[in-house]
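Reading through the structure tokens given below for one structure.
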Amino acid sequence: MLDSLGINANQLTYVYSEHMVNYGSALIHQSFSIFFAIFYCLTALRYPRVAVWQGFGFGMLVTLAFHGVILPMFNWAPPLWELPPAEWASETFGHLLWIWVIEVIRRDLQQRWSPGPG
């Protein structure tokens, strides 16, 4: 993705604990994560059905939309069905865990911040 924007992703690296870390792709990934977490929380306030199955429906939609359509469409990554099973399982599980944690925190904060009987 960064290469298609004219940014040499190979130059955006550092070594930590003897492992090469690409902070360019990590920054993109974290930015998308924060954006979609905020989008999810705001959407769930207006349309509570978005939070169906504790957010798992939204997590699956994000996985299928990005790894099944958007990333392959721009040749940024192969589609899910071309990835090794361990990779798509990791992506899917990661997205479901990500959205579930967001949903647990969202519900807790919403309950704390909502006016209660008083």
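Residue 14 is where the sequence shown starts when you use our numbering, and the numbers rise one by one after that. Even glycine gets a Cβ: it sits at the ideal position worked out from N, Cα and C.
Out of 18, 65, 36, state which residue places its alpha-carbon closest to the alpha-carbon of residue 26.
If we check each option's Cα against that of residue 26, 36 comes out closest.
Here's the rule I'm using: 16 or more other beta-carbon atoms within 10 Å means buried, otherwise exposed. How should residue 48 be labelled?
Answer is exposed; the Cβ neighbour count stays below 16.
Three-state secondary structure (DSSP) at residue 35?
In the structure shown, residue 35 sits in a strand (DSSP, three-state: E or B).
Kindly indicate which three-state DSSP category residue 53 falls into: helix, strand or coil?
In this structure, residue 53 counts as helix in the three-state DSSP scheme.
First through last residue of the beta strand (DSSP E) which encompasses residue 75:
First-last for residue 75: 69 to 76, but that is the alpha helix (DSSP H), not the beta strand (DSSP E).
I'd like to know if the segment 58 to 78 and the segment 109 to 118 are in contact, where contact means that at least 3 CB-CB pairs between them fall below 8 Å.
Touching, yes.
Which term fits residue 19, buried or exposed, when burial requires 16 or more other beta carbons within 10 angstroms of its beta carbon?
With fewer than 16 other Cβ atoms within 10 Å, it is exposed.
Got a sec? Which residues, its chain only, sit under 6 Å from residue 72 by beta carbon, not counting five neighbours each side?
Once the five neighbours on either side are set aside, the close Cβ partners of residue 72 are 108, 109, 112.
Per DSSP, what are the beta-bridge partners of residue 28 in this structure?
Answer is 33.
Should residue 64 go down as buried or exposed, given a rule of 16 or more other Cβ atoms within 10 Å for buried?
By the C-beta density criterion, residue 64 is buried, having at least 16 other C-beta atoms within 10 angstroms.
If you reduce the DSSP assignment to three classes, tell me which class residue 109 lands in.
Judged by DSSP in its simplified three-state form, residue 109 adopts helix.
If we count the other Cβ atoms within 10 Å of its Cβ and call it buried at 16 or more, is residue 34 buried or exposed?
Around the CB of residue 34, fewer than 16 other CB atoms lie within 10 Å, so the residue is classed as exposed.
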